[in-house]
Structures are given as C-alpha cells and as structure tokens.
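With the sequence shown counted from 1, adding 17 to any position gets you this note's numbering. Think of the CB as a built atom: it goes at the ideal place given N, C-alpha and C, for glycine as much as any other residue. Here is the structure we will look at, set down as structure tokens.
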Amino acid sequence: MKALVIYDSVFGNTEQIAQVIGNAMGSQAEVNILRVGNVKPEHLTGLDVLIVGSPTRGFKPTKAITNFLKRIPKNGLKGVKVAAFDTRFTMSAIEESRVLPFFVRLFGYAAKPISDRLKKKGGELIIPPEGFFVEGVEGPLKEGELERAADWAKQIIATQ
18 MKALVIYDSV FGNTEQIAQV IGNAMGSQAE VNILRVGNVK PEHLTGLDVL IVGSPTRGFK
78 PTKAITNFLK RIPKNGLKGV KVAAFDTRFT MSAIEESRVL PFFVRLFGYA AKPISDRLKK
138 KGGELIIPPE GFFVEGVEGP LKEGELERAA DWAKQIIATQ
C-alpha cells in the first residue's frame, strides 16, 4: 500500500499529528509525510491512500491546503482512498466565548470541507473526518491526542 499524508501547520500541532499518523501507518505501508508546500503533482500518482490535514483557521482549512485541493484535477483521485483531519479547540474552550459556539455551528471545522473536496476530486472517503484537540491558539495538543491519532491511522489501515 502506498500512502501519502499531506498537512499544513501554523504552530506545529498539526505537523505532530501528521507525523504520528504517517508513522503509525509506516510498518504497514510505504508512507510519505509532506508539508503541503512540498507536494508535487507526481506525489499523487500511484497512491492507494491520501490523508490531508490542516489546522482550523477561521473555521476552515489553511489557504495552502485549500489551494492544493483546488489544483487537483477533476477525478484526479479516482481509485484513491481518502481521509481528512484537523486540529481544533475543544467544545469546552469554544463555549467559554459568547460568539464562537454560534460560528462553529454555522461554519464548522477544517476536516469536513477537506473531506468534501477530496470526494469531489474522485476520492473514496474511508473514515469520517477527525478533529484533534489543542489547548490554546498555539497549542499544545491536549494530552492523549497523539495516541488518538495513532489509533485513527490504524483504523485507516484496517480498511485496506
């Protein structure tokens, strides 16, 4: 199985999750883990699995991830199994604000639009989009999130 984990990261939290996902899959597959700015079109050829992750910024993926997804040709992911993840605040942190809960309900997080775009490009979604939690704007990741990311990766492997 050939897999690619593509991510963007602002404070390093999403990068940590991407590394754990890739490493958890590594013994079962040939896995590359690339920051979105380093991805070339040839990286997308011959893939069995593509996983894309982004921090949630303004209730959506980063501009770099959004632009990368737009550049994938129509049906460019036909036959590729896909999954998406993001990093985000916990609901309890969001509920501390008076306005954030409204906007989260309205706009959501980054993982869902990523998975929707991957499916639009022909990918087959193999696991629901997942969010991994950070303590604050810059992190760190909440305790247990790296282990949860490894478990999520194992669920992806189990679909192969």
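>> Between which residues of its own chain and V9 is the CB-CB distance below 6 Å, once the five residues before and five after are set aside?
In response: Residue 9 cannot be examined here, being either before or after the span of the chain that is shown, 18 to 177.
> Would a C-beta distance cut-off of 8 Å place M18 and Q172 closer than the cut-off?
Replying inline: no
> Which stretch, first to last residue, makes up the alpha helix (DSSP H) that contains E113?
Replying inline: Neither: E113 is in no alpha helix (DSSP H) and is coded neither H nor E.
> Nearest to V154 by CA position, among W169, G75 and A128, is which residue?
Replying inline: G75
> Is P130 helix, strand or coil when you go by DSSP?
Replying inline: helix
> Which residue or residues does DSSP assign as beta-bridge partners of F149?
Replying inline: T104
>> Tell me the residue span of the beta strand (DSSP E) that contains R52.
In response: E47 to R52
> Quick one, are the C-beta atoms of A127 and F149 less than 8 Å apart?
Replying inline: No, Cβ-Cβ distance for A127 and F149 is not below 8 Å.
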